[in-house]
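Here the structure comes first, spelled out in structure tokens, and everything after it is commentary.
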Amino acid sequence: MNAQSDERGGVARVAEPDSVTGDETGPERELGSRAPAFIKASKPLHVSWQVGVFAVGLAVVAAGVAMLVLPGPGWFVIFGGMAIWATEFVWAQLVLRWTRRKVTEAAQKALDPKVRRRNILLTAAGLVIVAVLGAVYLWRFGLSLPWNVSE
Numbered sequence: 666m667n668a669q670s671d672e673r674g675g676v677a678r679v680a681e682p683d684s685v686t687g688d689e690t691g692p693e694r695e696l697g698s699r700a701p702a703f704i705k706a707s708k709p710l711h712v713s714w715q716v717g718v719f720a721v722g723l724a725v726v727a728a729g730v731a732m733l734v735l736p737g738p739g740w741f742v743i744f745g746g747m748a749i750w751a752t753e754f755v756w757a758q759l760v761l762r763w764t765r766r767k768v769t770e771a772a773q774k775a776l777d778p779k780v781r782r783r784n785i786l787l788t789a790a791g792l793v794i795v796a797v798l799g800a801v802y803l804w805r806f807g808l809s810l811p812w813n814v815s816e
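Written out as structure tokens, the structure is:
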């Protein structure tokens, strides 16, 4: 495993117009380490910085994965761990850019009037089905409370 970051010099490029919205998203940050200059100046210090960032990011991602089955905001914490890794590693920066682009596309698609209308109709149909099933259950078995109300 290569512990060094992929340093790329130069100015951050300006983002091209978004294919979904047609907006310009503004300049993207350059890829590579965001460690302070005095840390980048010393190779052993920079490698230990990267190991520390990786360990903290791994702990946060592991906590997020645990929260997927336990109570808690699992995906939010996982993306937080990825953001920690993205401060130092190019691969995490690229994953976060891809994820941000896909989430934006999904949000724009969800706001499409045809999709919203379809989602509202499907939700209404689901609620009608649940109400009918609940009414059939109550008609067949009645309402039985776990305590004795007549006392």
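The working numbering puts the sequence shown at residues 666 to 816.
All C-beta atoms, glycine included, are put in the ideal place defined by N, C-alpha and C.
Item, Value
"Who are the near neighbours of V793 in its chain, counting only those whose CB is closer than 6 Å to its CB and skipping five residues on each side?", "none"
"Are the C-beta of L759 and some C-beta of chain B separated by less than 8 Å?", "In the structure shown, chain B does not exist; there is a single protein chain."
"Would you mind giving the Cβ-Cβ distance between M732 and G739, rounded to the nearest angstrom? I have them listed as a contact below 8 Å.", "4 Å"
"Please classify G729: is it buried, with 16 or more other beta-carbons within 10 angstroms of its beta-carbon, or exposed?", "buried"
"Only counting the same chain, and skipping five residues up and downstream in sequence, which positions put a Cβ closer than 8 Å to that of T686?", "For T686, the predicted structure reports a pLDDT of 44, less than 50, and the residue's modelled location is therefore unreliable. A value from the coordinates is still provided. Closer than 8 Å at Cβ, skipping near neighbours: T769, Q773."
"Using only the alpha-carbon positions, how far apart do V780 and L735 sit?", "32 Å"
"Note down, in chain order, each residue of its chain lying with its Cβ closer than 7 Å to the Cβ of I749, except the 5 sequence neighbours on either side.", "V718, V721, G722, V725"
"Work out the CA separation of A775 and A796 for me, nearest whole Å.", "26 Å"
"Please report how far the alpha carbon of G745 lies from the alpha carbon of Q758, in whole angstroms.", "12 Å"
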